[in-house]
Every structure is written in structure tokens, then in C-alpha cells.
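Student: Provided herewith is a single structure, encoded as C-alpha cells, for subsequent inquiry.
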Amino acid sequence: MNSESYDEMVKKASPDSPLLKDCIRAFAVGGLICAIGQMLTNFALNYGFDERSAATFTSVTLIVVASLLTGMGIYSKIGKFAGAGSIVPITGFSNSVTSPAVEFKKEGYVLGLGAKIFVIAGPVILYGVLTSIVVGMVYYFAGR
Amino acid sequence: MARHTGAETVVFSSPVCITATASTVGTKEGEGPLGKLFDRVLKDNMAGEQTWEAAESVMVKDNFGILFEKSGVHPDFLIAGDLQNQCCGTNYGVRDLNIPTFGVFDACATFGEALALAAVMTDSGAAENVAAGVSSHFCSAERQFRFPLELGNQRPPTSTYTVTGAGAAMLSKNGTGPYITAFTAGKITDYGVNDANNMGAAMAPAAAECISMHLRDTGRNADYYDLIATGDLGCVGRELLLQLLKKDGTDIADNHMDCGIEIFDKAAQDTHAGGSGCACSAAVFAALLYKRLKRGELNRLLLVPTGALMSPTSIQEGESILGTAYAVAIENEVIKWNI
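If you read the sequences in order, they're chains A and B. Using the numbering used here, you'd call the opening residue of the first sequence number 25 and step up by one each time. Using the numbering used here, you'd call the opening residue of the second sequence number 181 and step up by one each time.
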């Protein structure tokens, strides 16, 4: 049997992820996280923050809470339930930085935690920065 | 004396006895369907240590301790392995035991390899008693092969759950059985599977080829065995194994079980396709199958530990996941082979 026909066999034998269920859960939890974010923003605006500061307050709060939940072993359970719903919002980014920090702390603060903290988030940061440079250049030259 | 037969098989006409087995598992395995059968269930998976890796080594050491006590002998050699880089789980576990050790690695098929080599050593007279043992730990395996434990991601239905545990067997020339009567060493197979979340698919062809070759080399039919027990194919791998063997004209649906499917309650314990890891086949053999052989509920067992060979580096560099398997025949009677 060759690889191609075996691949067909594997596809038939492997159950698919429950896409509809996953989508509904992702939608609900992702929406909930965003709704909480909006509540935080409104709360900040009511207390006299300007729009920019209110957005920063919201991001920082969500990041800190997600980081705490990761350390307490709760965020992985939310992630298991919600999938992309808890990965895509900024809380997911926080989780992807905190979880290696927790994991690799045992290997030391420099070569363990320090070196490996961005093992998941690193690509997002690198390509995020690269993309913003490209977009910035386009904006700079097209905007003249 | 051991004799090479057919293409890949070695047969033993004099007794190579498994005199005792020992099993230790983690908390989740202890809560599973076979929980009561294991010699020891950890109260927590850290085993009183600071790291998962150290916890695995404690299991290795304590499990060999249980084996030595049950068998009443101190072996001449250990043949042991695990999933950690450079077999660290084993090496740190046996450092205080003061017994010469062969470190072996064949991923989750390591127990098959260890049993086969231990049988040859015992049979040849190179040693009176040889202990074969393996271990794995869910958390140390996740760290080495996958993501940090606290990362909030989802595992696909085809993924398996690494068993936390250790399993070991003592082999000796003297004893009342069961006996290792033959083994078939599998070839490395490559069917181009590159999904690290579908190890069952990577290993099923290796198991099928190994079982087919064993039957061909020994002239036996599949129904000769009361039970053919694969290591950790899981639900997907089992399905593929049955299909592959059927294409070959062999039907083992009625006398096949997979240790990875048996060790967890898939629905209640959320383990997806089943258990995996070196300890999966070893602990289930030690706790369940060996006892059934001893009680005479089984007389002819073909134990087929299966392994998926890869590393995070090989996967990232685009290599496929290789498969391997060992078929070890364990029977209540010594066979006078004349093939």
C-alpha cells in the first residue's frame, strides 16, 4: 500500500472535530470575553478616562486576569471548552505568554523562563511587528 | 536456545519465564477502568518531587523496587527506557539501584524491545535474571513533544493521552511461567503520516506488518492466540490495524484488544482516542494481562507494543512520523519449535 491510499484510509478512520459545536462555543465565549472588555471600557469612560486610556485600561485588565487564570490552572480549561473563542482575544495572547513562563520556570529564570517565555507568542510578535512595518511604509508613502 | 526463524522472528525452545511484574500509575490511570489492578497508584502526579521529570524517575525507581520484592531476586541487568531525551527518566530513576543498565528507546514500543532483548539475554545464559521496564509521564511528555500544560488549546479527537506510569517484568530461566516463546522485531515503517495528533495512524501499519510477519514466520494463524494486545494504537489506530490486516486476509477483530483503549474510560475521562506512552502497554500487561495468564484465563498472548518515532525537530523539519512494533508471544507452555 502506498502513502496516498493509506492517507485516504486514515482520513476515513479519523473522526473530525465537532465543527458546529466548536464554533458555537467559540462564538459564545469569544463574544463573552469581548463583552467583558466593552464593559471595562465603558466603566473606564464613566470614570473620566479618555478613549485611548480606557482602551489601554481594558487591555491591561484582560491581560492580567487571563494571566492570573492561567497560573491558577483555569484558563487551560476555558481554552479546552472554547477553542478559538479564548485563543483569539487578547486574553489568549496573555495565556500563550504565561503558560510557558509557568512551564519553564523550573529550568531557571534566565535560560528557562527568560529564554522560553515567547516560545508560543514569539512568532505573533515577530510577524506582527514585520506586518506593521510594511503597513506603516505603505501608509507613509501612499499618504504623502 | 534462541533461534532466528523466518525473516524477523526469534523463537525460544527452552523456558524464558516471566516470574513477576510490577506496575505503578498516576492518578488519572488509577481512576480508570483498570485502576484497582495496578500495584501502586500515585496520590499526586508530582510524587513529592519538584519537577515532572523527577516524578517520573521516582516512579521508575519505586516500580523496580516493587518488582524486586515480588520476584524475590535482584536482577543481573536492567533493560529500560522512557520517552524523555537521552532516557533521563530511566537513568535518574535507576542511579541508586546499582545495577548495570541497558538504556533502550523505541518510543512507546520500548517495552517490546526491552522484553525481547531481556529474553535473549536470559535464554543465552548471559544473565540469570533480567528486569525489563519502561516509564512515561503525561506532563514530561507534553513538555517534550507538545505545548506547555497551561496553554488553553483543544486536542483533536484523534489525539491520545500519554499514560503516567511505569511497568516492569522480571525474566528468569527458572519459574513456572508464563514464558516468552517467540518475538518478532518490527521494521521501521513510513506511510507518510505527519500529523503528530494522530499517532495511531502512524503506528497501525507497523503493527499490521509486524503481526503479519510474526504469523508468517511462526506458521501460526491469528486465532492461535487467545488475545493479540497492541500497545497504544487507540480507537483510530485499532480501526486502521483491523482494516490493514483484513486486506492481508487476516481477521483479528474478535481476539484483539488495545491497551490504550482499555486503560482509560474514553467518555468519562476525556482521553479522546485513548492512552499512549511507554507505560501504556507495560502497565496494562503487568497489571491485567500477566495476571490473566497466571490465572489461566489466557494461555496464548501476543503482546504488540507499538511506537511512533519522531522528535519535535524532525516534525518541524518536515519529516514524517515513523512507526515500529514488536510482537512478543507469551504463553503458559514452553513450545518445542520445529520450524
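Even glycine gets a Cβ: it sits at the ideal position worked out from N, Cα and C. Bear in mind that the values here come from a model prediction, so they are computed numbers and not experimental data.
According to the Cβ coordinates, are ASN435/B and ASP406/B closer than 8 Å?
Tutor: yes
Student: With DSSP run on the structure shown, which of helix, strand or coil describes LEU457/B?
Tutor: Sequence inspection shows Gly at residue 457/B; the Leu mentioned does not correspond to that position. It is coil, neither helix nor strand.
Student: Report the rounded CA-to-CA distance for LYS241/B versus THR290/B, giving the unit in angstroms.
Tutor: 17 Å
Student: In terms of alpha-carbon separation, which member of HIS394/B, ILE495/B, THR369/B, ALA382/B lies closest to THR430/B?
Tutor: Checking every option, the nearest Cα to that of THR430/B belongs to HIS394/B.
Student: Starting from the C-beta of GLY355/B, find all residues in its chain whose C-beta is less than 8 Å away, skip the five residues before and the five after it, and write them out in chain order.
Tutor: Around GLY355/B, the same chain offers PRO195, CYS197, ILE198, THR199 as residues with beta carbons nearer than 8 Å, after the five sequence neighbours per side are excluded.
Student: Within 10 Å of its beta-carbon, does ALA134/A have 16 or more other beta-carbons around it, so buried, or fewer, so exposed?
Tutor: For the record, residue 134/A in the displayed sequence is Val; it is not Ala. Classification for VAL134/A: exposed.
Student: Can you pull the chain B neighbours of LYS130/A, defined as C-beta to C-beta under 8 Å?
Tutor: GLN230, THR231
Student: Counting only Cβ pairs nearer than 7 Å, list the residues of chain A close to VAL416/B.
Tutor: Ordered by position in chain A, the residues that pass the 7 Å Cβ test against VAL416/B are ALA37, SER38.
Student: Among TYR99/A, MET96/A, PRO113/A, which one has its Cα closest to the Cα of ALA22/A?
Tutor: No information on residue 22/A is available, as it lies outside the stretch 25 to 168 that chain A covers here.
Student: For a test of the three-state rule: what should DSSP assign to THR199/B, helix, strand or coil?
Tutor: strand
Student: Quick one: list the residues of chain B neighbouring PRO124/A, beta-carbon separation under 7 Å, in chain order.
Tutor: PRO328
Student: Does any residue of chain A have a CB that is nearer than 8 Å to the CB of ARG323/B?
Tutor: Judged by the 8 Å Cβ criterion, ARG323/B is in contact with chain A.
Student: Should ASN243/B go down as buried or exposed, given a rule of 16 or more other Cβ atoms within 10 Å for buried?
Tutor: With a threshold of 16 other beta carbon atoms within 10 Å, ASN243/B meets it and is buried.
Student: Is any beta-carbon of chain B found at less than 8 Å from that of GLY97/A?
Tutor: Output row for GLY97/A: interface = yes.
Student: Can you find a C-beta in chain A that's less than 8 Å from the C-beta of GLY372/B?
Tutor: At a cut-off of 8 Å, the C-beta of GLY372/B has a neighbouring C-beta in chain A.
Student: To which residues of the same chain is LEU93/A closer than 6 Å at the C-beta, ignoring the five residues directly before and after it?
Tutor: TYR99
Student: Cβ closer than 9 Å: which chain B residues qualify as neighbours of LYS104/A?
Tutor: GLY332, ASN333, GLN334, ARG335, ASP450
Student: Please look up how many angstroms separate the CB atoms of ALA306/B and PRO255/B, rounded, as I've assumed it's under 8 Å.
Tutor: Their Cβ separation, rounded to whole angstroms, is 12 Å, which puts ALA306/B and PRO255/B out of contact at 8 Å.
Student: Just to check my reading of the structure: ILE408/B and VAL484/B have Cβ atoms closer than 8 Å, yes? What is that Cβ distance to the nearest angstrom?
Tutor: 7 Å
Student: Out of ASP428/B, LEU297/B, GLN334/B, GLY345/B, which one is the CA nearest neighbour of ALA362/B?
Tutor: LEU297/B
Student: Any residues in the region 110 to 121 of chain A with a beta carbon nearer than 8 Å to a beta carbon of chain C? Which ones, in chain order?
Tutor: No chain C appears in this structure, whose protein chains are A and B.
Student: Would you check if there are 3 or more beta carbon pairs closer than 8 Å linking the region 273 to 282 of chain B to the region 212 to 226 of chain B?
Tutor: Taking 8 Å as the limit for Cβ pairs, the verdict is that the region 212 to 226 of chain B does not touch the region 273 to 282 of chain B.
Student: So which residues of chain A does THR338/B contact, with C-beta pairs closer than 8 Å?
Tutor: Within 8 Å Cβ-Cβ: SER38, PRO39.
Student: Assuming GLY261/B and GLU233/B make a contact with CB atoms under 8 Å, what is their CB distance in whole Å?
Tutor: That pair is no contact at about 15 Å.
Student: Can you list, in chain order, the residues of its chain whose CB lies under 7 Å from that of ASP46/A, leaving out five sequence neighbours each side?
Tutor: GLY107
Student: Any beta-carbon of chain A closer than 8 Å to the one on GLN496/B?
Tutor: Cβ-Cβ to chain A under 8 Å: no for GLN496/B.
Student: Taking the C-alpha atoms as reference points, what is the distance between ARG472/B and PHE192/B?
Tutor: One Cα belongs to ARG472/B, the other to PHE192/B, and the distance between them is close to 22 Å.
Student: Beta-carbon within less than 6 Å of LEU295/B's beta-carbon, same chain only, minus the 5 sequence neighbours each way: which residues are those?
Tutor: ALA312, VAL508
Student: Excluding the 5 residues preceding and the 5 following SER91/A in the sequence, name in chain order all residues of the same chain whose CB lies nearer than 7 Å to its CB.
Tutor: Correct list, in chain order: SER118, THR122.
Student: Taking Cβ-Cβ distances shorter than 8 Å, what residues in chain B pair up with ILE144/A?
Tutor: PHE327, PRO328, LEU331
Student: Just the C-alpha distance for LEU146/A and ALA505/B, rounded to the nearest angstrom, thanks.
Tutor: Residue identity check: residue 146/A is Gly in the sequence provided, not Leu. GLY146/A and ALA505/B: Cα-Cα distance of roughly 37 Å.
Student: Between which two residues does the alpha helix (DSSP H) holding ASP303/B run?
Tutor: 290 to 304
Student: Given a cut-off of 8 Å on the beta-carbon distance, is the pair ASP438/B and LEU413/B in contact?
Tutor: Remark: C-beta atoms of ASP438/B and LEU413/B approach each other more closely than 8 Å.
Student: So the candidates are GLY476/B, TRP517/B, VAL253/B; which of them puts its Cα closest to the Cα of PRO358/B?
Tutor: GLY476/B
Student: According to the neighbour-count rule (16 or more other Cβ atoms, all chains shown, within 10 Å of its Cβ), is ALA448/B buried or exposed?
Tutor: exposed
Student: Does DSSP classify PHE257/B as helix, strand or coil?
Tutor: The answer is strand: DSSP assigns PHE257/B an E or B state.
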